[in-house]
Amino acid sequence: MNLQRVYAIAARKFASLRRDKRMFGFIVLMPALQILLFGWAIGGTPTDLNVIIVDDGPAEQSAIFIGHVEGGDALLVSFSDSMDDANSSVVNGDAWAVLHLLPDGTISVVLDNSNQQVTNTILLEVRDAMQEASGGQLPLHIAEPIYGDRDPSFIDFLAPGIMTLVCFMFSTILTTMAFVGERHDGTLDRVFAAGTQPSEVMLGHIGAFSGILIGQVTVVIAIATLGFDIPINGSVLLLFAVCLLLGWAAMCLGLVISSKAKSEFQAMQLNMPLLFPVLLLSGILWPVEALPGWLQPVSWALPTTWTAEACRSIMIRGWGLESYSVQMALLINAIFGLLMLTIASRTIRVRKS
Amino acid sequence: MAAISVKGLVRGYGPIQVLQGLDMAVDEGSIYGLLGPSGCGKTTLLKVILGFLEPESGTLNVNGEIPGSDVGYAPQEIALYPDLSIAETMRFHGRLHGMKAEQILSRQAWLIDFLDLPEPSRPVGKLSGGQKRRVSLAVALLHEPNLLLLDEPTVGVDPELRARIWNHLQEIASSGTTIVITTHYIDEAGKANRVGLMRDGVLLAEDTPQSVMESQSSSSLEEAFLALCRREVKA
């Protein structure tokens, strides 16, 4: 390993990157935009859901219930005297639910159950309102949770996964174009004629891209936590380290693509079938435990699954380096990165045929 | 003494046979002109010498650490980064060879003057074809290697400059540099110490330009090459 050669390659690549303004903008702005869109579009709690209350309940209790429901953002309440009218509103699609407050203090809920997230939001609101109306006398008591908020929002679960995905995706894209074509136009031949080792070429590229990677990870974490008010209960530094290591591993994957692809178009095409399974199999949108049993091992072979899990542990549970999931994330990413680096080095060394 | 000696070299790409039992000897401190039509295997031979391709059979001996700083290589393709300036290109390749900054700058100044290159801040991608070709040559000469492998270095270079390049090559050869140069300007290879006429993966002849011409009773290398090819076809 000759460090001067690694430096020469890093400096050369960095000079190219700095010159390509559009690319630079893309590299910095796209992850920021992506995470903003995710934050706005997915995982927020629905608001202003139309529900109709038919109040036949005991006066005092009903007043507390209605006060609670009207006080929140989730439900937009209107009233009806007739169950038939109320039901037909649901049938017509004008309301999501009818809450019938009955004389014995119980509540009957009639739902348009076509949207699970909407139903969950309504039922959660009803539960809380009942709890309050009954003066805490409900037979169900939920203790203060050990990890997470009393009312967990989906975005708290989603954010660590999305951060993982964005770090992974943009780090891969970052290096995908690194030396497409150089294997065929003779530029790499010249570099190798100087006695440069493939591993030196790889490390040089990683060096040049690392500056950008650090910027990307910082932007992603900053937007997620500041922009969407997602708490980080554990160490921000550890979170940064885990995301950065994933970024490096993903950059190594990008280098593999770059070394295999014959053209830029092909490199972009190779990216697509990689990124979609990662999104679906990494427990980012939905728990891995919900996957069919035979598919779960595939999930746990992906560095993104471990990273998303580790990010959740750090952000929500406030766990540190001593936790299994964080250790595994660091280990798996390191192994994955080194493996990719080896493959990429071997690929550009391959004798032309 | 032989700087490069090749015996019975066979190398192809899968089912395609390119080099078919080639013998070749290049003396140290000489210019060796490798001539032949495109597709005859010149570039493949250079890549075997550089260690990029492994021979399927046959032996190859090359003096010095190759690949490494003992060799200067100008591929047939321009093979330069178009977004880098001439100075950045020199700095990049100089650093790869472990040269110091001031060493690179003084060599660069000399090469720019010698090869009539534009100012060093110009991006390589914006240069003309001939200028790019000369930058490519400059990169190969930059670290003053013991062995130069130049694949078609004079394409698109004007005759006056081509003559100057040959003069310089003769100069450094006499001070010990070994040079293998491929060209399709067959007559320009008359200035080489030895030429190898290559066709279908073997050398039809390997001798001094003078002897090759005399053996075919031709007045030019080009004519001699034609005569050799004709004889080969008949056989």
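Sequence order for the protein chains is A and B.
Count the first sequence with our numbering and you get residues 84 to 436, in order.
Count the second sequence with our numbering and you get residues 196 to 430, in order.
Built from N, CA and C at the ideal position, the CB exists for glycine as well.
For clarity, every value in this text was computed on a predicted model and none was experimentally measured.
Check, Outcome
"Taking 7 Å as the limit between beta carbons, can you name the residues of its chain near residue 381(B), skipping five residues before and five after?", "230, 416, 417 and 420"
"Based on Cα-Cα distance, which residue from 190(A), 196(A) and 153(A) lies nearest to residue 174(A)?", "196(A)"
"Along the chain, where does the beta strand (DSSP E) that runs through residue 200(B) open and close?", "197–208"
"Is any beta-carbon of chain A found at less than 8 Å from that of residue 290(B)?", "yes"
"Here's the rule: buried if 16 or more other CB atoms are within 10 angstroms of the residue's CB, otherwise exposed. What is residue 189(A)?", "exposed"
"Is it right to say residue 319(A) is buried, meaning 16 or more other beta carbons lie within 10 angstroms of its own, or is it exposed?", "exposed"
"Using a cut-off of 7 Å between C-beta atoms, extract the partners of residue 275(A) located in chain B.", "247 and 262"
"By Cβ distance below 7 Å, which residues in the same chain neighbour residue 284(A) in space, the five residues on each side in sequence not counted?", "92, 274 and 431"
"Using the beta-carbon count (16 or more within 10 Å), is residue 125(A) buried or exposed?", "exposed"
"Check the Cβ-Cβ distances between residue 250(B) and every residue of chain A, and say whether any is below 8 Å.", "no"
"Determine the closest residue to residue 377(B) out of 237(B), 205(B) and 224(B), with distance taken between C-alpha atoms.", "237(B)"
"In terms of alpha-carbon separation, which member of 390(A), 156(A), 349(A) and 344(A) lies closest to residue 250(A)?", "390(A)"
"Residues bridged to residue 255(B) by DSSP?", "201(B)"
"Whole angstroms are fine: how far does the CA of residue 345(A) sit from the CA of residue 130(A)?", "50 Å"
"Could you name the residues of the same chain whose beta carbon sits closer than 6 Å to that of residue 412(A), not counting the 5 residues immediately before and after it, in chain order?", "325, 389, 390 and 393"
"At a CB-CB cut-off below 8 Å, which residues of chain A make contact with residue 203(B)?", "Those within 8 Å of residue 203(B) in chain A number zero; the least Cβ separation is about 20 Å."
"Under a CB-based cut-off of 8 Å, is residue 215(B) close to chain A?", "no"
"Around the Cβ of residue 240(B), are there at least 16 other Cβ atoms within 10 angstroms (buried) or fewer (exposed)?", "buried"
"The alpha helix (DSSP H) with residue 95(A) in it runs from where to where?", "86–102"
"For residue 100(A) versus residue 134(A), is the C-beta distance shorter than 8 Å?", "no"
"With a Cβ-Cβ cutoff of 8 Å, do residue 322(A) and residue 398(A) count as a contact?", "yes"
"How many angstroms separate the CA atom of residue 350(B) from the CA atom of residue 254(B)?", "31 Å"
"Restricting to Cα atoms, I'd like to know which of 247(A), 356(A) and 396(A) is closest to residue 302(A).", "247(A)"
"Taking only the alpha-carbon atoms, compute the straight-line gap between residue 428(A) and residue 411(B) and give it to the nearest angstrom.", "50 Å"
"Could you check the C-alpha separation between residue 269(B) and residue 284(B) for me, to the nearest Å?", "13 Å"
"Tell me which residues of the region 86–110 of chain A have at least one Cβ-Cβ distance to chain B shorter than 9 Å, keeping chain order.", "87, 88, 90, 91, 92, 94, 95, 98, 99, 102 and 103"
"Go to residue 262(A), then tell me how far its alpha helix (DSSP H) extends in each direction, as first and last residue.", "First-last for residue 262(A): undefined, no H or E at that position."
"Which residues in chain B have a C-beta closer than 9 Å to the C-beta of residue 279(A)? List them in chain order.", "262 and 291"
"Under 7 Å between beta-carbons, which chain A residues line up against residue 266(B)? List them in chain order, please.", "276"
"Is residue 239(B) helix, strand or coil by DSSP?", "helix"
"Report yes or no: is there a C-beta of chain A within less than 8 Å of the C-beta of residue 347(B)?", "no"
"Indicate whether the contact test is met: 3 or more Cβ pairs, each with one atom in the region 277–292 of chain A and one in the region 305–315 of chain B, closer than 8 Å.", "no"
"Do the region 355–362 of chain B and the region 205–224 of chain B meet, that is, are 3 or more Cβ pairs less than 8 Å apart?", "no"
"Hey, residue 217(B) and residue 396(B): beta-carbon distance below 8 Å or not?", "yes"
"Residue 370(A): which of 356(A), 106(A), 349(A) and 395(A) sits nearest, CA to CA?", "395(A)"
"Which chain A residues are close to residue 380(B), counting only those with a beta carbon under 8 Å from its beta carbon?", "None at all; the shortest Cβ gap to chain A is about 21 Å."
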